[in-house]
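Working notes, structure below.
Residue numbers (UniProt numbering): 1 to 205.
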């Protein structure tokens with residue numbers, strides 16, 4: 001059973017957290033046994049405290065929760081080493097999705113915030129792609145390329161489906177295939193990978 005630990009200033013589990021993870025524990029500071037997922041809900045966001053929490057249990061995914069998510073805080077949290085950033089009042093189902101993503105090595109920022117962060121990251125990055133990345137892109141089917149490029153521009157699955165006139169289910173299938181061929185785990189890694197390929201990015205712009 002996955003062990004979830006929430007660090008909250010008031011030392012209380014939000015009802016939605018308890019619904020998502022009935023066996024979760026809550027503390028006001030680090031302590032106790034090493035959890036499988038650490039949820040950081042202390043406010044305001046303290047970069048040093050988050051960094052210390054991440055360093056305390058190397059390898060344990062940390063998700064930063066905020067009642068007022070902001071792009072700047074999300075980027076800071078990820079830069080510090082957190083694996084996720086989301087609304088502290090997210091639905092239980094959403095929290096469970098976040099847990100699955102981070103425990104499998106992925107990142108979670110939520111669709112809208114992910115799009116904004118990817119756009120900001122994409123605007124700053126440049127360079128040449130490793131040979132295996134270029135080869136991976138060459139192995140994508142035309143439709144997989146279309147979907148990957150739309151996502152690299154920051155589009156959500158719904159937006160990609162509308163632009164390419166396909167279903168969201170088809171978008172997910174093509175995106176999953178693109179992830180596998182490019183050797184990436186999530187949308188953020190995808191945009192960072194494709195941004196290292198100038199010709200590809202120019203086509204996506």
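Where a beta carbon is used, it is the ideal one built from N, C-alpha and C, also for glycine.
Practice problem: Spell out the partners DSSP gives residue 66 in its beta bridges. | Solution: Per DSSP, 87.
Quiz item: What residues match up with residue 4 in a beta bridge as DSSP calls it?
Solution: Partner(s): 37.
Exercise. Assign residue 186 to one of three DSSP states: helix, strand, or coil.
Key: The answer is coil: DSSP assigns residue 186 none of H, G, I, E or B.
Quiz item: Can you tell me whether DSSP reads residue 57 as helix, strand or coil?
Solution: Three-state result, residue 57: coil.
Quiz item: Alpha carbon to alpha carbon, how far is residue 23 from residue 138?
Solution: Looking at the two C-alpha atoms, the distance is approximately 46 Å.
Self-check item: Closest residue to residue 188 among 88, 148, 66, 25 (Cα-Cα distance)
Solution: Comparing alpha carbon positions, the residue from 88, 148, 66, 25 closest to residue 188 is 148.
Exercise. Give the DSSP-derived three-state secondary structure of residue 20 in the structure shown.
Key: Secondary structure at residue 20: helix, using DSSP grouped into helix, strand and coil.
Quiz prompt | DSSP state of residue 170 mapped onto helix, strand, coil | solution = DSSP, read as helix, strand or coil, puts residue 170 in helix.
Self-check item: Beta-bridge partners of residue 26, as assigned by DSSP
Solution: DSSP lists 6 as partners of residue 26.
Exercise. Have a look at residue 171 and residue 179 and give me their C-alpha separation to the nearest angstrom.
Key: Spanning the two alpha carbons is a distance of roughly 12 Å.
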